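Below: the structure, in structure tokens.
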Ligand code: ZN
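Numbering (this note's numbering), first residue to last: 306 to 534.
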């Protein structure tokens, strides 16, 4: 069974609910591959081969147990593999992966490995609770990496999922030596090895205490997500 397990919702993130609700050890029981963020929006999360990396101005390999405010994870098993050549911008990856998706109404996990000529990435910084994601993004760090080998870890989610997931492609990068990474804003590459997996079961764990209970989550977060994620 290909299940996408998620902690909290994208609308909670957009509204500034950044307090952790589920232990990272519990998160890892539900998969080995994913992305998310940390308490207080303290960096970008990359989960690859069951290891959790915290990407801020530097990369930390987290082996402790801590509370996670938002994350998506799956047991990644590529159902089909393909190559992507001559990527001049991130849109090139989107278009190549679009051809591999069998429907716009299911979720997908994507793993892309290779050498990137350039990568433009960002990492969010710690902000006070209730700072809306749109304002938090104004203090983000941006990175430009060149000729760097590594992996893009990500998901594609349907347009109808904007109140709980991040619609479209959402990719985080981690370098092969695990010292660089971030939420991917753009990249160029000659060749990538890609794997894709359909996810047709969706398991969401909602926070049952803290600001999630009292924050107004009825606003459609789609436009804020398009600007920040
Ligand atoms: Zn991200």
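For glycine and all other residues, C-beta sits at the position ideal for the given N, C-alpha and C.
For clarity, every value in this text was computed on a predicted model and none was experimentally measured.
Taking residue 473 as reference, the option from 479, 500, 467 and 462 with the minimal CA-CA separation is 462.
Residue 441 sits buried, since 16 or more C-beta atoms from the chains shown fall within 10 Å of its C-beta. Counting only the Cα atoms, residue 397 lies some 28 Å from residue 375. The ligand ZN approaches residue 349 closely enough that one of its heavy atoms is under 8 Å from the residue's Cβ. If you ignore the 5 residues before and after residue 491, its C-beta comes within less than 8 Å of the C-beta of 394, 395, 423, 424 and 425, all in its own chain and listed in chain order. With a cutoff of 9 Å on beta-carbon distance, residue 340 and residue 464 are scored as not near each other. Residue 477 has its Cβ nearer than 8 Å to a heavy atom of the ligand ZN. Restricting attention to 514, 355, 319 and 377, the CA atom closest to the CA of residue 346 is found in 319. In summary, residue 434 is exposed, with fewer than 16 beta-carbon neighbours lying within 10 Å of its beta-carbon over all protein chains present. Secondary structure remark: continuous alpha helix (DSSP H) runs of at least 4 residues inside the segment 376-413, in chain order: 395-403.
When the beta-carbon positions are compared, residue 315 and residue 469 come within less than 9 Å of each other.
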